[in-house]
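Heads up, the thing below is written out as C-alpha cells.
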Amino acid sequence: MSFRKSSFIVDCGRDPEGKRQYFNTLSRKFILLPGELEALAAAPGTDARVLEFLKKGKWLTPAASYEEELRDALDLITAAGSGSSALSVVFTVTTKCNLNCSYCFQNNAERMDAPAGICAALPGFIRKEAQARPAVKKVRLSLFGGEPLLRQEACLALLDSVQRECADLSLQFEAGIVTNGLGAAPDFWRAAAKSGLKKVQVTIDGSEKVHDAFRRLNGAGTYGPLLALCGPLSETFQLSLKYNLNRRSAEGFGEFVGDLAARGFNKANTHIVLEAVKAIDYNEAGDYYFPADSNEAGDAYAACAEAGLRAGWQVTLTHLFQPPCMYTQVRPSSLVIRPDGGISRCISVYNDDTDFSAGNITDAAPLPGNAAIRAVIEDGAGNCKAAKCPLFPVCMTGCPSHKKLKFGTIKTAFCRRAHIEKTIKDLGRIRSKDPKVFERLEF
Ligand code: SF4
Ligand code: SF4
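Here the sequence shown is numbered in numbering that gives the first Met the number 0, starting from 0 and rising by one per residue.
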C-alpha cells in the first residue's frame with residue numbers, strides 16, 4: 000500500500016532551529032521534522048520506524064483522494080459519541096440568576112427552575128442512555144444554569160441521586176458545577192464533595208474594573224469576593240477560571256494573572272480557560288466582542304494563552320475549534336438538558352429549534368441518533384473539497400449554532416479558514432519557543 004502526506008496537515012514553517020513544524024487537524028498534534036513531510040515520506044532512505052510512526056499518527060495516508068479522506072474524517076467524527084466511554088450530561092438546574100450579565104444566552108430563554116419531576120427523572124434518563132451505549136463506563140454530570148447555587152438543596156439532591164444510580168449500574172461518577180461562585184457557604188462545598196463533586200467552573204469577565212462592570216451583586220462588584228472564594232476551592236476541587244475574552248478583557252488579562260498570584264491558588268488544580276464570547280444580537284455590549292472569524296480574536300487567544308502559560312498556569316482554549324462538538328455526533332457523548340427536561344444537542348441553544356432539540360428526558364425511548372448530520376455536513380462542504388481544505392476535521396463547515404444565528408440555516412458553510420490557520424500557526428510559535436510550557440496548554 001502506498002502512502003502520501005495527509006491532506007489534513009497545516010505547515011507551520013520552520014522553528015528557530017530550522018526544523019519543519021506541522022499541525023495535524025485530525026489528531027490535533029504538532030510535530031517537528033528535520034525536513035519536509037512529503038520528501039521524508041518519498042525518500043528511499045527514510046528509517047522504517049519513522050515511516051511507521053508517521054502512518055500511525057495519520058501524518059501519512061493511504062487515501063486516494065481528498066474526498067476519501069473527508070469521508071473517513073466524517074465517519075470518525077460523527078461516530079465518536081457512540082464509542083465514547085464517558086457520557087456527559089449538562090443539567091440546567093435553573094435558568095434564573097442572581098447576576099444580570101448582558102451577554103448571557105439565557106437572556107433569550109424563559110427564566111425558570113427545573114421542576115421536581117424533571118430533577119427526579121434525571122437518574123432514570125441516565126440509566127436509559129447508559130444502557131443504550133455499551134461503551135459507557137463513566138457518567139459526568141455538570142450542574143448548569145443560570146446560577147445553580149440559587150438551588151443548593153436541589154444541587155445536592157441531584158448529585159446524590161445520580162451518584163446512587165451510577166453505583167447501581169457499576170459506572171464511575173464524576174460531577175462538576177458551572178457557577179458564578181457566589182452564595183454558597185463552606186458547608187455546601189463539603190457536602191457536594193462528599194456527593195461526587197470534583198470540578199468547579201467560575202466565570203471571570205476581565206480585570207477587576209471590567210469584570211465588575213458586568214458582574215455585580217446587590218450593586219457591588221464581585222471580582223474580589225470571587226477570587227477570595229476560589230483560592231480555597233482550588234485545594235479541594237479541580238477549578239476552571241473561565242476568562243471570557245473580548246476587546247476589553249483581553250487588555251486586562253495580565254492584571255488578572257497578577258491578581259491570581261497573590262491569592263494562594265493551588266496551581267496544580269487550577270486551569271485558566273479562555274473563550275472568546277460570540278457577538279449576539281441581544282447583547283447590548285456587542286461592540287466589545289470579537290467577530291467569530293477575526294484575526295483580532297485569534298491574536299487575543301494567542302497573547303493571553305502565552306501570558307498565562309508563562310506565569311506558570313495550566314491554560315485551556317475552549318471553542319477554539321468548533322465543531323467537532325456534540326452536534327456533529329450521530330449519538331452525542333454530551334447532552335444538554337434544559338429545565339423543562341428538553342434535550343439539546345448544543346450548549347448554546349435553549350429553545351425548541353428542531354435542528355438542535357432532541358426530545359425530553361421523560362421520553363420512554365433513548366435519544367434517537369441524528370444519522371442525517373453526516374449528509375448535512377458533506378452537502379455544505381463543496382468549497383472545502385474544491386479547496387482541499389486542511390482544516391476540515393476542526394471545522395466541518397463551521398459551528399451549526401452560529402450558522403443558524405448568522406444565516407438562518409445550518410445547511411451552509413461558515414468559513415473561518417484564515418482565522419483558524421493563523422491561530423494554529425500562533426500556537427505553533429508558542430510551542431517552538433518553549434515546548435515544556437506548551438505542555439500545559441489544552442485545546
Ligand atoms: S453547534 Fe456550535 S455552539 Fe453548539 S456545541 Fe457545537 S460548536 Fe458549540
Ligand atoms: S468551511 Fe472553510 S475552513 Fe471550514 S473546512 Fe470548509 S474551507 Fe475549510
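All residues carry an ideal CB built from backbone N, CA and C; glycine is no exception. Being a predicted model, the structure only gives us computed values, none of them experimental.
Per-residue DSSP class, three states only, for residue i
| i | result |
| --- | --- |
| aspartate 112 | strand |
| tyrosine 281 | Note that tyrosine 281 has pLDDT 49, beneath the 50 cutoff, so the model's placement of it is unreliable and the number below is only indicative. Residue state, collapsed to three classes: coil. |
| valine 256 | helix |
| aspartate 10 | strand |
| isoleucine 30 | strand |
| arginine 19 | strand |
| arginine 150 | helix |
| glutamate 173 | strand |
| threonine 45 | coil |
| leucine 181 | coil |
| phenylalanine 2 | coil |
| threonine 94 | coil |
| valine 161 | helix |
| alanine 72 | helix |
| threonine 60 | strand |
| lysine 432 | helix |
| leucine 168 | coil |
| serine 248 | helix |
| alanine 38 | helix |
| lysine 55 | helix |
| glutamate 441 | strand |
| glycine 427 | helix |
| lysine 136 | coil |
| leucine 25 | coil |
| alanine 131 | coil |
| alanine 85 | strand |
Residue i beta carbon near ligand 2 (any heavy atom closer than 6 Å)
| i | result |
| --- | --- |
| leucine 73 | no |
| threonine 396 | yes |
| arginine 416 | yes |
| leucine 390 | yes |
| cysteine 324 | no |
| alanine 385 | no |
| alanine 412 | yes |
Proximity of residue i and residue j at Cβ, strictly below 7 Å
| i | j | result |
| --- | --- | --- |
| proline 43 | methionine 0 | no |
| serine 239 | asparagine 265 | no |
| valine 272 | valine 89 | no |
| threonine 91 | phenylalanine 172 | no |
| glycine 297 | lysine 421 | yes |
| lysine 18 | leucine 31 | yes |
| glutamate 164 | cysteine 96 | no |
| leucine 25 | lysine 55 | no |
| glycine 230 | arginine 262 | yes |
| glutamine 313 | cysteine 398 | no |
heavy atom of ligand 1 below 6 Å from residue i C-beta
| i | result |
| --- | --- |
| glutamine 130 | no |
| glutamine 328 | no |
| proline 365 | no |
| cysteine 229 | no |
| proline 399 | yes |
| cysteine 345 | yes |
| tyrosine 321 | Reading off the sequence, residue 321 comes out as glutamine, not tyrosine. Under cutoff, so the answer is yes. |
Identity of the residue in the options nearest residue i by Cα
| i | options | result |
| --- | --- | --- |
| leucine 440 | Ala63, Leu316, Ala129 | Leu316 |
| arginine 70 | Ala374, Glu207, Leu149 | Ala374 |
| leucine 75 | Gly116, Asn350, Ala302, Cys324 | Cys324 |
| arginine 126 | Asp211, Leu86, Asn99, Thr91 | Leu86 |
| alanine 131 | Ser356, Ser332, Arg428 | Ser332 |
| isoleucine 429 | Ala302, Glu35, Asp159, Gly341 | Ala302 |
| isoleucine 372 | Ile360, Thr361, Lys410, Cys383 | Lys410 |
| serine 356 | Thr45, Tyr326, Ser293 | Tyr326 |
| alanine 63 | Phe22, Gly12, Phe2, Ala79 | Phe2 |
| glutamate 37 | Glu51, Ser5, Ser26, Phe413 | Ser5 |
| alanine 219 | Leu228, Gly230, Glu207, Cys229 | Glu207 |
| threonine 77 | Glu67, Ala212, Gly368 | Gly368 |
| alanine 386 | Ile360, Ala417, Thr408 | Ala417 |
| arginine 139 | Ile423, Phe320, Val161 | Val161 |
| glycine 116 | Glu305, Pro322, Ile360, Glu128 | Ile360 |
| asparagine 243 | Val49, Thr93, Val135, Phe255 | Phe255 |
| glutamate 438 | Gly307, Thr93, Pro338 | Gly307 |
| glycine 427 | Ala134, Gln200, Glu305 | Glu305 |
| phenylalanine 252 | Lys432, Tyr287, Gly205 | Gly205 |
Cutoff 7 Å: residue i Cβ touching any chain C Cβ
| i | result |
| --- | --- |
| phenylalanine 2 | As a matter of chain content, chain C is missing from the structure shown, which is built from one protein chain. |
inquiry  = Which runs of the alpha helix (DSSP H) at least 4 residues long sit entirely within the segment 203-241? Give them in chain order.
reply    = 207-213, 222-235
Length-filtered (3 minimum) beta strand (DSSP E) runs lying within the segment 264-342 = 269-275, 313-316, 333-336
request  = Let me know the alpha helix (DSSP H) ranges lying completely inside the segment 354-425, each 4 residues or longer, listed in chain order.
outcome  = 372-378, 381-385, 391-394, 399-406
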